[in-house]
Every structure is written in structure tokens, then in C-alpha cells.
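Chains as they are written, first to last, in the working numbering: chain A, 1 to 257; chain B, 1001 to 1398; chain C, 2001 to 2132.
No residue lacks a Cβ here, since even glycine has one placed at the ideal position from N, Cα and C.
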Amino acid sequence: MEMDRRTFLKMGGLGLLGLMAAPVVDVLLKAGRVSGAGTSAAVTAGRWALVVDMKKCLEAGPSCADCILACHRAHNVPQIPDLQEQVRWIWKEPFEHAFPEQEGRAESLAGKPFLVLCNHCTDPPCVRVCPTRATFKRQDGIVMMDYHRCIGCRYCMAACPYGARSFNFRDPRPYVSTTNPAYPTRERGVVEKCNFCEERLAEGLPPACVAACRYGALVFGNLVDPHSQVRQILRARYTICRKPELGTRPNVYYVVG
Amino acid sequence: MIEKALTGSRRYWGWVGILLALVAAGAGCYLLQLGRGLTITGMSRDVSWGLYIGQFTFLVGVAASAVMVVLPYYLHNVKEFGRITIFGEFLAVSAVIMCLLFVIVDLGKPARIFNMILYPTPNSILFWDFVVLTGYLLLNLIIGWNVLESERNEVPPPRWVRTLVYVSIPWAISIHTVTAFLYAGLPGRHYWLNPLLAARFLASAFASGPALLIILAFIIRRVTSFDPGREAITKLSLIVAYALTTSMFFLGLELFTALYSRVPAHGLPTIQYLFTGKDGFGNLVPLMWTSVVLGLVAAYLLINPATRGRDATLLFACAATFVSIWMEKGIGLVVGGFIPNPFEEIQEYAPTLPEAIITTGVWAVGLLILTLLCKIAIAVKEAAEPPAARPFPQRQGF
Amino acid sequence: MYDSGKILTGLLIFALLVTFPVWYHLGRATPPPEPDLDTPVIAGLAEKECIESTEYMRAYHMELLKTWRDLAVRSGEKTYVARDGEKYPISLEDTCLKCHSNKSRFCDQCHNYLGVDPNCWNCHVAPEEGNR
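Pasting the structure below:
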């Protein structure tokens, strides 16, 4: 067969394009399939939620940081001195910062430290924007991060209205003072956040922050179960959550009345 | 045709050399960033996107604006653009390449960039942006190259190229719309959460891109013996005039709603921070006002037929348009969206030196590609045109 | 042939560059890897076998780990059923590293020999190794 240079290049180019398209088509086909719905009890739980009883939490005093320390120790969260590069899973913010739209409505709470963490939203914007599905929502409601897949584009940080996500601007390892060998650290260039202690839930344990609280201020449970403790509190007490007007439907509640 | 970029005057090689030096400096700083992480930039947990993504956003506009010469030329047969369309397309090619590079240098894990293709995620706007930008790059490269090759061979371009041209017109609109959607769909970022954003992006793009194209046309006329034609420049300057005023009008609409309603959820805190400073922070105030003043001056010079028609004032107006929109879109919009943070606190942002050098390096890559592509195009056009037919006498070779 | 001198010189330089790894290491034989199985936990095992056969693990441990990674992180699946029906927790720390607590004398042996650099250890913490 006679083939001039131009035809050859054209055919070659088309062939190459086809080769490049093959894996994409393959993935697109696979994407439709439902990934293996886990058989372990933890995943099918329904909708995990955390209730923070602010009355009890404030009784503990401003210096109490048991939950924060327990979480950060369990997950090897680095303590970076530069405030603007800090990694935080759970921390305290003054009421008017955690609930800016409530400013002026509850003067008695002004300046009071509120625990903030990932809200594991029912409709999470971070999951919606992630271009690689490195952050995704599990069937039990946990908004989970796959640090193996994160490309560090930080789109999720722009999308999160709660400032709950931290980026590893530098190698976090030198800033982890006592490493918990049972849990990995993260590496430079990925985003991280609270995982509702999914690793502890899998073993039937409550989250580290809940276990660490001596005042019983943190209650964790399944919102789908009508008899769960969280459900009972929500029925009996006046609770608020952060920025409800954004429609993300947070799963962290604060008892304020 | 590539060989045409390999021969040139000393001035040509000098310019290429300068660009290569800037690319090398940028690459050096990028190596530093790869080694130490994004900590070497001025970005922070509050302002988590900065100069890189700002440049990306601005340059998507420049790329999309090629449609402002392609559409009149191919759909309405505006003959004046015949001599300049190829430069619009090549400007788009280099701008898209810069966009992609800015996304890559912004990634925390650039080695994993293909995860975007390995795990395609249709619910992510960033995924779609990646798709439309790559598509637009290919479209313009294929169209530009084939049209030029046909011109060299003195045959009309193949029919399928024309089909691709028609595809590229809505595609150009789509790239900037999708880029606006990156921002306009995020709850809690009040300054961005605005349905007008895509329209505003397109208007400012159709001002900044053609403004750059006019500047490019003047440079080509000055340093080569090819003349893109005064008629094309006249038509383009009208486009810049209308687009710039539309863009400023849209900005005014946003400012009105925020400032008159005083509803924080319409971006009032960000607008206060950008234009008057807030809680004692005001790094961007001079930049924003410079942008406004340059924009107003440019709008006056472009609307007034006398100043629009004079080369010197037109050039100044185009440069002012470009810089004004660069400041507003390439910095103010992206950085401003993060201020105040979700806790209504203010953390400011300023790029660091390595970050600025990397940014310059990416711009140099784009300019280098633009230079090479224009060199090829001009060589082809000069060869196709007998010297006698040229509207201006032969000048010093490029 | 035009410019044969330039072309041949170019080809020669190209050939030298391409074969660089070969002649750079000429005469420097690296000893074959010897993954060490001598850890306290392995010593205490009655039957010294990994979760799957040695041949399988040798050839496919990286594939297995990748599958585990996705199962544990993405599907929340934390139990692996081996071919012999035995169940193991899907965990690098709790399963693999419990026995192979000697990264430098086990994992690194082959990885270094082959010049592969798995990024597991950027995040996962290798157990402390006592001096030997």
C-alpha cells in the first residue's frame, strides 16, 4: 500500500488519539456501576451526627482542650506554628465567628468558645466540586477524604463554607510530636479534615473527641435511629447548626438552650 | 512550517532569549516549590487560591476572546479581520496553554493531575473546565495550523476546518462560562455567588483580549513587514469600547446591589475590603482604584472617536484596558472572594517573590509560544503576498 | 549523505546518553536482595505463611495493597477474606506491618534493588526497628 508522509502521520495521530481515549471510555463505563456497598456494620449505619452540648462544654472552662488534643493525637495532626498554615480537625472559635449570621441575636453567647469541625454535611459542597472524587460521601453520611487520590487543587477549601478544611502547605511530619503509629500522617500537598473517626467507628468505638470528653458534652449517634441519644436530644432541646441558610444541612448540632 | 520559526533576525533571537531566561527563572522557582511545597507562596488556609488561579481566570478570558475576530470573520464575512484572525487563534492557543500551566503550578500534587481523567467526575466544574479548555486548545491549534497551511499552499482551507470553526465559536463562550461557574456555584463565598459572574467574565474578556490583539497588531506592524491593516484595528477598537463599557456596567450592577441593599450575603464585606479597606486591612485598595481609574480613562479614550482613531491614544487605551481588567479579575476577584474568611475574619494575601517569578515564567512560556506561532504565521503571509501588494513599504525584516 | 559528520556525531551522543545507565554501573554488581523474615512475630508463628501464598505475594502484593487501599478508604470494607477462607483486617499497620515490622530489611530490600520508590511511607508510619 502506498502511503505518503502526510497520510501516515494522520493515521498515526488518529490511532494515538484512540489509544488515549480507550482508558477514558473504560472509566466512564465503570463510573456508572455502584462500588461495592460495604458489608461492615459501620458503613450502613445511616447518618452519623454529633451534638455539642454547649452548656456542659462551657462549664468545662476555656482551658479544656481534651477533645482537641485527643483528636489531634489520634490522627497525627501536625502542630504548625504559622497560624495561616495550620492544620485543624477540631478547634474553638468565638460564637460570633462560628455563627456570623447569628451576630446580635444571642448576646449571652458572644465571645464564648464554640467547638468547630467538619459538619459532614448532608449535601456537601466540597464533595460536589472535587474533580477526582478524592472527597466523597459515604453511605453512613461521613464526608471522607481519600488522601491517596487528592491532587491538592484546594477547590474543596473554596467550596467549604465552614473553613473546616486544611491544606498541607509543607511536609507535616516534622510537626507531629508524638506519632500514633496506628494511623497514617498526611503528606505535603493534600487537603485534610475531620473524618468523624471512621477508623474507630469501624471497630465499634465512639469518635476520639467524644471518648475524651469528661463532661459528657459531646454526644455521637445515628440520626436515622429514632431511639438514638442524638435524636432524643434534638427532640428535647433547642439546637442550632452553622449557616443553615446555605442548604448544606450540617450534621453537627449545638445545644444552646 | 515549523522551520520558519527557526530563522530570524538578531532582534528575534534576542527576544526569544529573554523569554527563555524568564522561563528558566520560573522553572527554577518551581523546582523550589516542588521541593518545599506551596508554603513558598503567599497563599494560606484562608486565602487558599492566589496569583496562580487569578492568572488562570484572567487568561481563560483572553483565550475566549479569539471568538471576537473569528465570529465576525467566519459568520458575518467581515473581510477586515481576514488578516488578523490567525493571530486571534494563536493568541487563544498560547493563552490556553498558560491557563493549563497555571492550574498545574497551583496543584499540591501535580504528579497526580491525571486523576482528573482517570476518575472523571461530571459533578465537578473543574473537571468540565479541564475538558473544555483542552478541547479549545486543540480546536484552535488545528484550525489555525490548517488555515495557515492552506494559505501557504494557496488553496482554500478544507471544508472540515470550517465546521471546526463553527464549533469553536460556542466553545469559546463555554470556556469562560464554565470558568465563571467554578466560582459562581460555591455557597458561602458571597462575592462569587452571583449569576451575573459569567456575563461579567465574558464582557471583561471581550475587552481585554481584543485590546491585547490590537497591541499585538501594532507590534507586528512595527517589527515586521506584514501589516494586519488599520481597518481591522478600527473594528477591534470598537469591540473593546463596547465590551469594556459593558463590563464596567456589570460591575456597577453588582456594586449597587451590595452597597444599596447592604446585605452581607451579596458580597458587601468583600466589596468594602476591596474598595475602602475593612477592619484596618486594605492591601488591595490601591490596586482596585487603579483598576477603576484606568478603566474609566480607557473607556473615555475608546468611546471618543477622535482618541480611538489616533494610534498613540488607542494604544494607551488598550494597555489601560488590559491592565485594568488584569487587576480586577486576575487578582481582586479571586483574592477578594476569600476575604473575609468563613469566620468573617480578615487574613490578607500578598504573593511572595518565588510565586511572582513562577507566574512570570508561565507568562514567558505563553509569550514564547505566541512569538513562535506569530513568526510562522507572518513568514507564511509575507511569502504569500508579493511585496508590491503590501499596503506599507517594506520595513526592516523581523 | 549531507552533513554526515554532524548526523553521526549526534547519533553517537544519543547512543551514549541512552546507554548511560548500563556503562555507569559497569563492574559494580549490586548483591541480590534478601528480604529478611526474622521478626519476633514471624518467629512465633506456627505456620510461616503470609495471608496468601509466597509466590502470589511476591508477584502481586502491590496490586493487593492497591485494592485494599480502595476497599478500606472508599468502600469502608475492612475485612479481607483470603483464598483459604481466613479473614484478615484490611490494614497496612494491623496486618502487614504486625509481622513485617522490619521495613528496612524487608520492604526496602527489593524496592531499593529494583529502584522503585513506593509512596506508602509518605503517610503510613513504619514500625520502629531495633538495632541489629
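Under a Cβ-count criterion, where at least 16 other Cβ atoms within 10 Å of its own Cβ denotes burial, should residue i be classed as buried or exposed?
i       : result
T1359/B : buried
P161/A  : buried
I1125/B : buried
P1340/B : buried
N119/A  : buried
N1123/B : exposed
H227/A  : exposed
L2012/C : exposed
Y2060/C : exposed
V52/A   : buried
V116/A  : buried
A2015/C : exposed
K1079/B : exposed
K2006/C : exposed
S1247/B : buried
E198/A  : buried
D2117/C : exposed
T1121/B : buried
Quick one: residues in its chain with C-beta nearer than 7 angstroms to the C-beta of residue i, no 5 flanking neighbours on either side, listed in chain order?
i       : result
G36/A   : A caution first: G36/A carries a pLDDT of 32, below 50, which makes its placement in the model unreliable, though a value can still be read off. Excluding positions up to five away in sequence, the list is empty.
A41/A   : In this predicted model, A41/A has a pLDDT of only 45, less than 50, meaning its place in the structure is not dependable enough to derive any value.
A169/A  : Here the sequence assigns Phe to residue 169/A, which means Ala is not the residue at that position. E85.
R242/A  : A98, F99, N119, Y162, P250
V1161/B : I1143, N1146, V1147
Whose C-alpha, out of the options, is nearest the C-alpha of residue i?
i       : options                            : result
G1361/B : D1129/B, A1024/B, A1299/B          : A1024/B
A1383/B : Y1052/B, S1150/B, V1161/B          : S1150/B
V1096/B : F1081/B, G1135/B, T1007/B          : G1135/B
W1015/B : A1320/B, F1338/B, I1219/B          : I1219/B
M1043/B : L1370/B, A1317/B, A1356/B, V1070/B : A1356/B
L69/A   : C213/A, F220/A, I233/A             : C213/A
I90/A   : A164/A, C156/A, T122/A, I151/A     : A164/A
L1100/B : A1377/B, A1379/B, K1375/B, V1365/B : V1365/B
E2093/C : L2065/C, A2046/C, D2084/C          : L2065/C
A1317/B : A1021/B, L1294/B, L1255/B          : L1294/B
D82/A   : R138/A, I240/A, F167/A             : F167/A
I1378/B : F1102/B, F1201/B, S1324/B, T1224/B : T1224/B
M54/A   : D146/A, M144/A, K92/A              : K92/A
F1249/B : A1199/B, L1373/B, P1264/B, K1278/B : A1199/B
P1110/B : N1304/B, L1031/B, L1373/B          : L1031/B
R1222/B : R1011/B, L1006/B, V1105/B          : R1011/B
R47/A   : D123/A, Y147/A, C67/A              : D123/A
Inspect the beta-carbon positions of residue i and residue j and report whether they are closer than 7 angstroms.
i       : j       : result
G259/A  : G1108/B : In the structure as shown, chain A starts at 1 and stops at 257, and residue 259/A therefore has no counterpart that could be examined.
I1040/B : P1354/B : yes
E96/A   : E103/A  : yes
A1258/B : G1252/B : no
A159/A  : L1186/B : yes
V1335/B : I1053/B : no
S1204/B : R1308/B : no
V1067/B : W1128/B : no
C2123/C : R186/A  : yes
T132/A  : Y1119/B : yes
H1176/B : A1064/B : yes
T239/A  : V252/A  : no
A1265/B : V1297/B : no
L1202/B : G1088/B : no
R1189/B : V1380/B : no
Within its chain, find whatever has a CB closer than 8 angstroms to the CB of residue i; leave out the 5 residues flanking it on each side and keep chain order.
i       : result
R1262/B : L1268
P94/A   : A110, G111, K112, P113, F114
P1351/B : T1041, G1042, G1050, L1051, T1359
Any heavy atom of the ligand COA within a distance shorter than 6 angstroms of the CB on residue i?
i       : result
Y2080/C : In the structure shown, the ligand COA is absent, as is every other ligand, since no ligand is present at all.
Along chain D, which residues have their Cβ under 7 angstroms away from the Cβ of residue i?
i      : result
T179/A : Absent here is chain D; the protein component of the structure consists of chains A, B and C.
Leaving out five residues before and five after residue i in sequence, what residues of the same chain have Cβ atoms less than 6 angstroms from its Cβ?
i      : result
C126/A : T135, C156, A159, C160
| said: With three or more C-beta pairs closer than 8 angstroms as the rule, is the stretch 1200-1210 of chain B touching the stretch 1223-1232 of chain B? | reply: By the Cβ criterion, the stretch 1223-1232 of chain B is not in contact with the stretch 1200-1210 of chain B, since fewer than three pairs of Cβ atoms, one from each stretch, lie closer than 8 angstroms.
Q) Are the stretch 74-93 of chain A and the stretch 168-181 of chain A touching, with three or more C-beta to C-beta distances below 8 angstroms? A) These segments touch.
Taking contact to mean 3 or more Cβ pairs, one atom from each stretch, closer than 8 angstroms, check whether the stretch 1283-1290 of chain B and the stretch 1231-1248 of chain B are in contact. Contact between the stretch 1283-1290 of chain B and the stretch 1231-1248 of chain B is absent: fewer than 3 CB-CB pairs across the two stretches fall below 8 angstroms.
So, do the stretch 1340-1348 of chain B and the stretch 1305-1316 of chain B have three or more beta carbon pairs nearer to each other than 8 angstroms?
no
Practice task
Check whether the stretch 1048-1062 of chain B touches the stretch 1323-1332 of chain B, counting contact only when three or more Cβ pairs, one atom from each stretch, lie closer than 8 angstroms.
Solution key: yes
Could you check whether the stretch 2036-2047 of chain C touches the stretch 2094-2111 of chain C, counting it as contact only if at least three pairs of C-beta atoms, one from each stretch, sit closer than 8 angstroms?
yes
Measuring CB atoms only, is the stretch 210-225 of chain A touching the stretch 54-63 of chain A, in the sense that at least three cross pairs come out at less than 8 angstroms? They touch, by the three-pair rule.
- Query: Do the stretch 2020-2035 of chain C and the stretch 2106-2120 of chain C make contact, defined as three or more Cβ pairs closer than 8 angstroms?
  - Reply: Note that the stretch 2020-2035 of chain C touches the stretch 2106-2120 of chain C; at least 3 beta-carbon pairs, one per stretch, sit closer than 8 angstroms.
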